[in-house]
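The sequence shown runs -37 to -1, 1 to 477 under mature numbering (1 follows the signal peptide of the UniProt record, and there is no 0).
The beta carbon of each residue, even a glycine, is placed where N, CA and C say it ideally should be.
First up is the structure itself, then whatever we jot down about it.
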Amino acid sequence: MIEPGNLNQGHPCRASTLVTLSLLFFTLVLFSSFTNASSSSVYPELNPIKPRHSRLLRSAVQRETPGSQLSELWSPLESQGWKSYVESNKPKLPEKSEGYIQVFLDGGLNQQRMGICDAVAVAKILNATLVIPYLELNPVWRDSSSFVDIFDVDHFIDVLKDDISIVKELPGEYSWSTREYYGLAIRETRIKAAPVHASAHWYLENVLPVLQSYGIAAISPFSHRLSFDNLPMDIQHLRCKVNFEALIFVPHIRTLGDALIRRLRNPDGSAGEMGSNYLQEVTSEGASKNAGKFVVLHLRFDKDMAAHSACDFGGGKAEKLALAKYRQVIWQGRVLNSQFTDEELRGQGRCPMTPEEVGLLLAALGFDNSTRLYLASHKVYGGEARISTLRELFPLMEDKKSLASSDQRAQIKGKASLLAALDYYVGLHSDIFISASPGNMHNALVGHRTYLNLKTIRPNMALMGQLFLNKTIEWSEFQDAVVEGHQNRQGQVRLRKPKQSIYTYPAPDCMCQA
């Protein structure tokens, strides 16, 4: 549905709108005062956090993994009979474009990434010229990074030059079409009512007439506004091409990522040789054979996730109270999980794993204390106190701060999107990737690594929740259950089902059987 006309300044709902704005302002002030309060009251990470699974932790610290098991664990995936789709007999671009398409994308890096892929597909459906997507200011991370700050725009345009027309900026006659322009009033060129997972037919019926009338259409909001089903195969293939080929990060992120990867593979040494400190750390025959390999752990355990899950993470009454207050401020207490007990949530696999728990999972799978672990995360709720048990299990744990120099870190400091891009790049090039719980980063990398046939461990959240509820379980029983429950969760290709994301499940839309 296309929005009509100009805003009626004398609208009878104006008074209620002012009340709503006042309430919104009050909420923002309350949120600001809450998040800026002293760390002792808001962040209970300053309080001692005791391990929740001491019995398992003691056994895990003393674990020894046979060399044969380590070798199998680190071995790359064998061919599964799938390969990336290769284009052939591609039709030429129409000579005349119907007009310019603008999209405004909110969310974090990986949500915006999916939106960019969908924007290219919509431009193709409409035979329109795509303006490089506008990335909204992230209200959580307060990151103003633009498309060109994150992605290699020239590579993007070049890879897609035979598929759609793309421009970096609008020509002068349309320079008025800006984010600020659409924020001031209702505009006839803005498409505001695009339904979630809209069909190609919807765009042809509702957006194409605007393009033909005005020469431009701006779609906002746009995230998740294109269906994953019932689209022509050439459109599906194009979405895959954008995600897996056209979208690469800017050179300085790739360069920094490569530097971190070299340091993970060759700690304290140059490429091609290992440092003496690392050789002293690696003593077992199995570990020596796997020197130079590393795991990336995406530890999705920030305060938002901890609070929204409504689970108990062992931080005592202070932590429970702080998370309850946070839920009230951010979501006014409307959190579905709040109606369930911690035991019910864990039994259903709805609680994110803590650093301690994901460390026990990795240890049970067979990763020993010589494993080089790269920690990909923004901020871990509970801080070092909560990470300490993970570090006890994996003393060779690294992150951006420990691997990058101060000059290198300065390039991305305070830029959440660039920090996430760096983690994505290192995660994509790791020997093994695992995420502590589902989310946008998990979904994006699972899909990308499936496309490249790389080993990726998907935690069985329901199984792990049930195992951690058993306070008397012995290490051997725990280990056997973990290994058995993850045999088919290490990168095996899973065919996409209806309504599932093409970016998480790239087969069969992006891949064909060899």
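Query, Result
"Does the Cβ of GLY255 have 16 or more other Cβ atoms within 10 Å, making it buried, or fewer, making it exposed?", "exposed"
"Would a C-beta distance cut-off of 7 Å place TYR48 and HIS200 closer than the cut-off?", "yes"
"Taking ALA339 as part of the beta strand (DSSP E), name the residues at either end of that continuous run.", "335 to 339"
"CB-CB under 7 Å to ARG421, same chain, minus the five flanking residues each way: which ones, in chain order?", "VAL409, ARG452"
"Report the option in ALA84, PRO471, GLU282 whose CA atom is closest to the CA atom of THR92.", "ALA84"
"Measuring CA to CA, which of LEU189, ILE182, VAL111, ALA379 is closest to TYR145?", "ILE182"
"Please state whether DSSP places ALA234 in a helix, a strand or coil.", "With a pLDDT of only 37 at ALA234, under 50, the local geometry of the prediction cannot be trusted, and the value read off the model is given with reservation. DSSP places ALA234 in coil when its eight states are reduced to three."
"Is there contact between the stretch 393 to 412 and the stretch 58 to 74, where contact requires at least three CB pairs shorter than 8 Å?", "yes"
"Output yes or no for whether 7 Å exceeds the beta carbon distance between ALA384 and ILE216.", "yes"
"Assign LYS288 to one of three DSSP states: helix, strand, or coil.", "helix"
"Just the Cα atoms here: how many angstroms apart are PRO469 and GLU307?", "33 Å"
"By a C-beta neighbour count over all protein chains shown, 10 Å radius and 16 as the cutoff for buried, is ASN423 buried or exposed?", "buried"
"Measuring alpha carbon to alpha carbon, tell me which residue in GLY377, ALA180, LEU100, ILE198 is nearest GLU50.", "ILE198"
"Could you pull the start and end residues of the beta strand (DSSP E) that TYR63 belongs to?", "63 to 68"
"With respect to 6 Å, is the separation between the Cβ of ASP275 and the closest non-hydrogen atom of the ligand FAD below this value?", "In terms of ligand content, the structure shown is empty, and the ligand FAD therefore cannot be addressed."
"Would you call the CB atoms of GLU130 and VAL94 closer than 7 Å?", "One detail in the question is off: residue 130 reads as Val in this sequence, not Glu. Yes; because the gap between Cβ atoms is below 7 Å, this pair is in contact."
"Do the stretch 428 to 444 and the stretch 458 to 468 make contact, defined as three or more Cβ pairs closer than 8 Å?", "no"
"Considering only the beta carbon of each residue, do ASP305 and ASP275 sit closer than 7 Å?", "yes"
"Tell me the start and end of each unbroken beta strand (DSSP E) in the stretch 256 to 284 that is at least 3 residues and wholly inside, in chain order.", "257 to 261"
"May I have the straight-line CA-CA distance separating PRO230 from ILE127, to the nearest angstrom?", "44 Å"
"Using a threshold of 7 Å, state whether the C-beta atoms of PHE114 and LEU210 are closer than that.", "yes"
"Go ahead and pull the three-state DSSP assignment for PHE441.", "helix"
"Could you check what DSSP says for TYR468 in three-state terms: helix, strand or coil?", "coil"
"Just mark THR218 as buried or exposed, buried being the case when its beta carbon has 16 or more other beta carbons within 10 Å.", "exposed"
"Within the same chain, show all residues whose beta-carbon is closer than 7 Å to that of ASN193, passing over the 5 residues directly before and after it, in chain order.", "SER162"
"Does DSSP put ARG26 in a helix, a strand or coil?", "coil"
"Just verifying my parser: in three-state terms, what is the DSSP assignment at MET316?", "coil"
"Less than 6 Å between C-beta atoms, sequence neighbours within five positions excluded: which residues of the same chain meet that for SER340?", "LEU262"
"Among the candidates ASP472, ILE350, SER176, TYR344, whose CA atom is the shortest distance from the CA of TYR337?", "ILE350"
"Opposite LYS46 in the DSSP bridges: which residues?", "CYS475"
"Could you compute how far the alpha carbon of PHE257 sits from the alpha carbon of GLY178?", "51 Å"
"Beta carbon of VAL122, beta carbon of GLU58: below 7 Å?", "no"
"So which of CYS80, SER369, SER108, GLY329 has the shortest CA-CA distance to VAL205?", "CYS80"
"Is the beta carbon of PRO96 less than 7 Å from the beta carbon of LEU68?", "yes"
"What three-state label does DSSP hand LEU93 in the structure shown?", "strand"
"What are the boundary residues of the beta strand (DSSP E) that ALA181 is part of?", "179 to 182"
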